[in-house]
Amino acid sequence: MKRKIFLIGLPGAGKTTMGLDLAVDLGIQFVDLDQDIEKACKQTISEIFKEKGEAHFRQLEKLHLEKVLDELDEFVMATGGGTPCFFNNLETMKKAGTCIFINTPVDQIQKRLEKDTTRPLMKSKTLEELLAKRKEWYSQADHTIQEYKELIKLF
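Here my numbering is used: the first residue of the sequence shown is 16, the next is one more, and so on.
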């Protein structure tokens, strides 16, 4: 069975960390959607937001999501925090594979991100505001977990 696993959740929730671990444990490729975009554009996400705006970034995000789906049969993907909330990205991911919401408590994320200045939306919104806005999409995930041991049990 070919596995396409999408990790969704707030910035700093642990999508990349858990995604890397899961990909290694399952012996399949890991994709970080934001890193994929940065590599292709030769710019950071912050630079893209600043120079071309969020709408442009969301278009890039959709295109890169579709590109990965076209090119890879099996992977674990750490999506950007907003990926499931735009266009039909959530529907696309759910049709292609399994979506897992990493529901890390906001206070835990805040501790992780205290010194992180690279996340563009964190400059204008609090984590609570982002979660309130995005919860309707995150709640549609196939599974909701908080810790890696819960994630690995799913596979």
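In this text, a Cβ means the ideal position worked out from N, Cα and C, and glycines have one as well.
Ile20 places its beta carbon less than 8 angstroms from that of Ile115. Given a length threshold of 3 residues, each whole run of the beta strand (DSSP E) inside the segment 22–105 is given here in chain order: 44–47 and 90–93.
Secondary structure of Thr107 (DSSP, three-state): helix. For Gly112, the CB contacts under 7 angstroms within the same chain, skipping 5 residues up- and downstream, are Arg18, Lys19, Ile20 and Phe21 in chain order. Residue environment: Gly68 is assigned as exposed (fewer than 16 neighbouring CB atoms within 10 Å of its CB, all protein chains considered).
Cβ atoms of Ala156 and Val91 stay farther apart than 8 angstroms, at about 14 angstroms. The straight-line gap separating the alpha-carbon atoms of Lys150 and Lys82 is approximately 26 angstroms. Collapsing the DSSP output to three states places Lys164 in a helix. With fewer than 16 neighbouring CB atoms inside 10 Å of its own CB, Phe170 falls in the exposed class. Per the coordinates, the alpha-carbon of Gln50 lies some 14 angstroms from the alpha-carbon of Leu78.
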